[in-house]
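Undergrad:
Residue numbers (my numbering), protein chains in the order written: chain C, 363 to 493; chain W, 283 to 678.
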């Protein structure tokens, strides 16, 4: 079994039954943030509660990248997904046969391998079209 | 040499009028064998020669550089015999050069110094990002996930197509226009015309953005010499005045509902028009950040060169070509000149100065009286993209 390590700690859950993207919410004004913030950037409230984002959102925009970026080798897709909580998330996109990307389509968050590093599987969140 | 700021009775600083009297640019291109100091020195020497100022008469210097920066102003200025004065180095992504220019303007406007030089320099071919796409800052969350400048503008382009009815041909038209302009500029990196088809058929970088819709990575430098009006009159009978200088950082990304809009770009333009006491219709030419062809269309609206939502119409009308109602990027823009990041914000001001003096050769805007230089840049997770914006308006 290959070791799985998150690309970043504390912002997503690899084996959550309830959700994957771990945001937080201002207890005073209710604004939701992803990634989580230390305090409310809007009202400066200090009390923040956990807020797990929905699994599905709508594709706001996308692009197919044809040059390497970070650890990604082309071609690969990235996009912005609008979540029902009012948060826009940037993430790699995975293709589904017969479901070409279209602005406004329903997308679902998944955990996937982003790249390999020293025999470890580096995992993170990606979105793919809802079947 | 150091002067105390001029105060009014309430203790507020009185701002003096400031002129730009010398402008200079190095060659732009790929020069891995040349240092930033050598490129910067070339630009500074050209600016000194342009106004006939002795190197020892410069009183303060600001230099901008984004990559591998370490005492850039000092290294550049020692090449031309300028030492032993206040020198400051700044970084502000693509707006770095504009920031250096504004800092020198402030120093002179508030009366601390009478003369100063702003330098922007970048050696992209020897930088850590040589041959790569420009990523956000190291350890930036979105950067880990594949975010780059072209990816961002690819996503913006998709929204322009979805919401505004833009086509890939429109984006290509911006590049056609700016490359036509660049053919008239002896200092452009690429003096070559391209057809819409050639641009659309060039290699895809970030769908629908193709290679020829992206500015090239470039080495180069630009410099501008500023001074008080009293000093300016000793050098020239026709000084170009800085009538507005604005710089602003954008807000959190969650406040930017539409990625095609640039709230900071709109605000910094409103501030500039107010400061200059003029309206968009008074502007005779614009030099702006066209790092990606589709971006120029959006910036027309930020600068209020047309009604909101009418950017595409303005492009298609031909009004932003040389000879049109409001030429945009008559220099050839970043698309044909190339984009040494920190140099571009000084270079755009230099171009406006040449037009206001009537010295822009074949690309001259006829009878130009007022010109605007805009810069926008920076990609930080959580903040609106193009996070720093600056505008200078100059007039003769």
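Cβ atoms here follow ideal geometry from the backbone N, Cα and C, with glycine treated the same way.
Check whether the Cβ of residue 423 of chain W lies closer than 9 Å to any Cβ atom in chain C.
TA: Position 141 of the second chain holds residue 423 of chain W. Closer than 9 Å to some Cβ of chain C, the Cβ of residue 423 of chain W qualifies, so yes.
Undergrad: Within the same chain, show all residues whose beta-carbon is closer than 6 Å to that of residue 568 of chain W, passing over the 5 residues directly before and after it, in chain order.
TA: By 1-based counting over the second chain, the position of residue 568 of chain W is 286. Hits under 6 Å: 610, 654.
Undergrad: Looking at C-alpha atoms only, which residue of C:422, C:395, C:387 is the closest neighbour of residue 540 of chain W?
TA: Position 258 of the second chain, counted from the first residue, corresponds to residue 540 of chain W. Nearest of C:422, C:395, C:387 to residue 540 of chain W, Cα basis: C:422.
Undergrad: Is the Cβ-Cβ distance between residue 580 of chain W and residue 587 of chain W less than 9 Å?
TA: Residue 580 of chain W sits at position 298 when you count from the first residue of the second chain. Residue 587 of chain W sits at position 305 when you count from the first residue of the second chain. Taking 9 Å as the Cβ cut-off, residue 580 of chain W and residue 587 of chain W do not qualify as a contacting pair.
Undergrad: Is the CB of residue 484 of chain W under 9 Å away from at least one CB in chain C?
TA: On the second chain, residue 484 of chain W is found 202 positions in, with the first residue counted as 1. By this cut-off, residue 484 of chain W is not an interface position.
Undergrad: Establish whether the CB of residue 489 of chain W and some CB of chain C are separated by less than 9 Å.
TA: Locating residue 489 of chain W in the second chain gives position 207, where the first residue counts as 1. Yes, residue 489 of chain W counts as interfacial toward chain C.
Undergrad: Near residue 582 of chain W, which residues of its chain fall below 6 Å by C-beta distance, leaving aside the five closest residues on each side in sequence?
TA: As a first step, residue 582 of chain W is located in the second chain; it is residue number 300 there, counting from the start. Answer for residue 582 of chain W: 588, 593, 596, listed in chain order.
Undergrad: Helix or strand or just coil, what does DSSP make of residue 468 of chain W?
TA: Residue numbering aside, residue 468 of chain W sits at position 186 when the second chain is read from its first letter. Coil, per DSSP.
Undergrad: Going by beta carbon distance, what residues of the same chain come within less than 8 Å of residue 283 of chain W, once the five residues before and after it are set aside?
TA: In the second chain, residue 283 of chain W corresponds to position 1, counting from 1. Low confidence applies to residue 283 of chain W: its pLDDT is 49, below 50, so where it sits in the model is not reliable, and the reading given next is rough at best. Counting only Cβ-Cβ distances below 8 Å, and skipping sequence neighbours, we find 341, 367, 395.
Undergrad: Return the Cβ separation of residue 492 of chain C and residue 470 of chain C in integer angstroms, given the expectation that the two are a contact with Cβ distance under 8 Å.
TA: What you label residue 492 of chain C is simply residue 130 of the first chain in a count that begins at 1. What you label residue 470 of chain C is simply residue 108 of the first chain in a count that begins at 1. Contact holds; Cβ gap of about 5 Å.
Undergrad: Contact defined as beta carbons within less than 8 Å: I believe residue 711 of chain W pairs with residue 390 of chain W. What is the distance between those atoms, to the nearest angstrom?
TA: In this structure chain W extends from 283 to 678, so residue 711 of chain W is not present and cannot be described.
Undergrad: Am I right that residue 670 of chain W and residue 374 of chain W are in contact with their C-beta atoms under 8 Å? What's the rounded C-beta distance?
TA: Position 388 of the second chain holds residue 670 of chain W. Position 92 of the second chain holds residue 374 of chain W. Between residue 374 of chain W and residue 670 of chain W the Cβ distance is about 5 Å, and since that is below 8 Å, they are a contact.
Undergrad: Do you know how far the Cα of residue 494 of chain W is from the Cα of residue 322 of chain W?
TA: In the second chain, residue 322 of chain W corresponds to position 40, counting from 1. In the second chain, residue 494 of chain W corresponds to position 212, counting from 1. For residue 322 of chain W and residue 494 of chain W, the distance between alpha carbons rounds to 27 Å.
Undergrad: For the alpha helix (DSSP H) containing residue 478 of chain W, list its first residue and its last residue.
TA: Stepping through the second chain from its first residue, residue 478 of chain W is reached at position 196. Here the alpha helix (DSSP H) through residue 478 of chain W covers 478 to 483.
Undergrad: Counting only Cβ pairs nearer than 8 Å, list the residues of chain W close to residue 370 of chain C.
TA: As a first step, residue 370 of chain C must be located in the first chain, where it is residue number 8. By Cβ distance, chain W contributes 423, 426.
Undergrad: Starting from residue 450 of chain C, trace the beta strand (DSSP E) in both directions and tell me its first and last residue.
TA: If you number the first chain from 1, residue 450 of chain C lands on position 88. It spans 450 to 455 - the beta strand (DSSP E) in which residue 450 of chain C sits, taken as one unbroken run.
Undergrad: Could you tell me which chain W residues have their CB closer than 7 Å to the CB of residue 427 of chain C, listed as they occur along the chain?
TA: One-based indexing of the first chain puts residue 427 of chain C at position 65. Near residue 427 of chain C (Cβ distances below 7 Å), the residues of chain W are 428, 433, 488.
Undergrad: Helix, strand or coil: which one does DSSP assign to residue 517 of chain W?
TA: Here the question's residue 517 of chain W lines up with position 235 in the second chain. It is helical.
Undergrad: If I measure Cβ to Cβ from residue 466 of chain C and keep anything under 7 Å in the same chain, skipping five residues before and after, which residues do I get?
TA: Residue numbering aside, residue 466 of chain C sits at position 104 when the first chain is read from its first letter. Only 420, 421 meet the Cβ criterion.
Undergrad: Tell me which residue opens and which closes the beta strand (DSSP E) that residue 545 of chain W is part of.
TA: Numbered from its first residue, the second chain carries residue 545 of chain W at position 263. No beta strand (DSSP E) holds residue 545 of chain W; the alpha helix (DSSP H) holding it covers 545 to 558.
Undergrad: What residue does the beta strand (DSSP E) around residue 539 of chain C start on, and which one ends it?
TA: Outside the shown range of chain C (363 to 493) lies residue 539 of chain C, about which nothing can therefore be said.
Undergrad: Check whether the stretch 462 to 477 of chain W and the stretch 608 to 626 of chain W are in contact - that is, three or more C-beta pairs closer than 8 Å.
TA: Contact between the stretch 462 to 477 of chain W and the stretch 608 to 626 of chain W is present, because at least three Cβ pairs lie under 8 Å.
Undergrad: Identify whether residue 307 of chain W lies in helix, strand or coil by the three-state DSSP scheme.
TA: As a first step, residue 307 of chain W must be located in the second chain, where it is residue number 25. Of the three classes helix, strand and coil, the one that applies to residue 307 of chain W here is strand, per DSSP.
Undergrad: Quick one: is residue 301 of chain W buried, meaning 16 or more other Cβ sit within 10 Å of its Cβ, or exposed?
TA: As a first step, residue 301 of chain W is located in the second chain; it is residue number 19 there, counting from the start. Label assigned to residue 301 of chain W: buried.
Undergrad: Output the distance between the C-alpha atoms of residue 418 of chain C and residue 432 of chain C, rounded to the nearest integer angstrom.
TA: The sequence position of residue 418 of chain C within the first chain is 56, counting from 1. The sequence position of residue 432 of chain C within the first chain is 70, counting from 1. The alpha-carbon atoms of residue 418 of chain C and residue 432 of chain C are separated by roughly 26 Å.
Undergrad: I want to verify the contact list: residues of chain W whose CB lies under 7 Å from the CB of residue 434 of chain C, in sequence order.
TA: The residue you call residue 434 of chain C lines up with position 72 of the first chain. Neighbours of residue 434 of chain C on chain W, chain order: 428.
Undergrad: Could you round the C-beta distance between residue 377 of chain C and residue 482 of chain C to whole angstroms and report it? I think they count as a contact, below 8 Å.
TA: Here residue 377 of chain C corresponds to residue number 15 of the first chain, with the count starting at 1. Here residue 482 of chain C corresponds to residue number 120 of the first chain, with the count starting at 1. The Cβ separation is near 17 Å, so there is no contact.
Undergrad: Quick one: does residue 502 of chain W have its CB under 9 Å from some CB of chain C?
TA: Sequence index remark: in the second chain, residue 502 of chain W carries index 220 (1-based). Cβ-Cβ to chain C under 9 Å: no for residue 502 of chain W.
Undergrad: Ends of the alpha helix (DSSP H) at residue 434 of chain W?
TA: Here residue 434 of chain W is taken as the residue at index 152 of the second chain, counted from 1. Start and end: 431 to 441.
Undergrad: With residue 674 of chain W as the anchor, note down where its beta strand (DSSP E) starts and where it stops.
TA: For the purposes of this step, residue 674 of chain W is taken as residue 392 along the second chain, with counting starting at 1. First-last of the beta strand (DSSP E) with residue 674 of chain W: 670 to 677.
Undergrad: How would you label residue 571 of chain W, buried or exposed, when you count the other beta carbons within 10 angstroms and need 16 or more for buried?
TA: Mapped onto the second chain, residue 571 of chain W falls at position 289. It is buried - the Cβ of residue 571 of chain W has at least 16 other Cβ atoms within 10 Å.
Undergrad: Taking the C-alpha atoms as reference points, what is the distance between residue 330 of chain W and residue 513 of chain W?
TA: For the purposes of this step, residue 330 of chain W is identified with residue 48 of the second chain, where counting begins at 1. For the purposes of this step, residue 513 of chain W is identified with residue 231 of the second chain, where counting begins at 1. When rounded, the distance between both Cα atoms is 14 Å.
Undergrad: Report the residue from W:489, W:633, W:555 whose alpha carbon sits nearest the alpha carbon of residue 436 of chain C.
TA: Here residue 436 of chain C refers to the residue found at position 74 when the first chain is read from its first residue. Answer by Cα proximity: W:489.
Undergrad: Buried or exposed: which applies to residue 424 of chain W, given that a residue is buried once 16 or more other Cβ atoms fall within 10 Å of its Cβ?
TA: Indexing the second chain from 1 puts residue 424 of chain W at position 142. Buried.
Undergrad: Please check if any C-beta of chain W sits within less than 9 Å of the C-beta of residue 467 of chain C.
TA: Here residue 467 of chain C refers to the residue found at position 105 of the first chain. Cβ-Cβ to chain W under 9 Å: no for residue 467 of chain C.
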